[in-house]
Amino acid sequence: MDEKALFLEAKKMLPLAYAPFSNFHVGAALLTKDGKLFTGVNVENSSYGATICAERTAFVKAVSEGYRDFSAIAIASSGGEALPCGICRQFMYEFNDDLKIICGEDENNLHIYRLNELLPGGFRLREK
Ligand code: THU
Numbered sequence: 424m425d426e427k428a429l430f431l432e433a434k435k436m437l438p439l440a441y442a443p444f445s446n447f448h449v450g451a452a453l454l455t456k457d458g459k460l461f462t463g464v465n466v467e468n469s470s471y472g473a474t475i476c477a478e479r480t481a482f483v484k485a486v487s488e489g490y491r492d493f494s495a496i497a498i499a500s501s502g503g504e505a506l507p508c509g510i511c512r513q514f515m516y517e518f519n520d521d522l523k524i525i526c527g528e529d530e531n532n533l534h535i536y537r538l539n540e541l542l543p544g545g546f547r548l549r550e551k
């Protein structure tokens, strides 16, 4: 699946976002190394702090189904280009510090990043 197609999968998710507080809808489409697709949306909460971003929703769906090897994630939003927040960067770093991240205003204006450049020196527990 190419970058544009993955971004369109993320965009397709926008109506399913649960975002009554911010009204900022986010969709994510996560591709495994063997070509399986997992999608996600942001799920907000009255406590605000319990809100889960679209990226983490997609990751949690995939990991809980037994997938841990990821090649790319695309992120679409209702409010222009959205890059992953700091918590999501660290969350994704756990699985692939070189993950390809596809963002953009729309499918014809994509920006491609690698997680390493968005989160240099991410945290990892080291063997003692
Ligand atoms: N959000 C995401 O889902 N992903 C991002 O990359 C940035 C922020 C959500 C969290 C919250 O529901 C809303 O966008 C506004 O911050």
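Per the working numbering, residue 424 is the first one in the sequence shown, and the count goes up by one each step.
Backbone N, C-alpha and C fix where the C-beta goes; we use that ideal spot for every residue, glycine too.
All of these numbers come straight from a predicted model, not from anything done at the bench.
In the DSSP assignment, Leu533 forms a beta bridge with Gly527. Out of Pro443, Tyr471 and Tyr490, the CA that lies nearest to the CA of Leu460 is found in Tyr490.
Residue state for Leu541 is assigned as helix, using DSSP reduced to three classes.
One residue after another in chain order, those with a Cβ under 6 Å from a heavy atom of the ligand THU are Ala442, Ser445, Phe447, Val449, Asn465, Glu467, Thr474, Cys476, Ala477, Glu478, Ile498, Ala505, Pro507, Cys508 and Cys511. Burial is judged here by how many other beta carbons sit within 10 angstroms of a residue's own beta carbon; Pro543 has fewer than 16 and is exposed.
Within the model, the alpha-carbon separation for Lys434 versus Val449 is close to 8 Å. In this structure, DSSP gives Ala433 a helical state, which the three-state scheme calls helix. With contacts defined as CB atoms closer than 8 Å, Phe493 and Leu453 qualify as a contacting pair. Excluding the 5 residues flanking it on each side, Ile475 has same chain C-beta neighbours closer than 6 Å at Val466, in chain order. With respect to the 8 Å criterion, Phe430 and Glu540 are not classified as neighbours on the basis of their beta carbons. Residue pairing by DSSP places Tyr441 opposite Val466 in a beta bridge.
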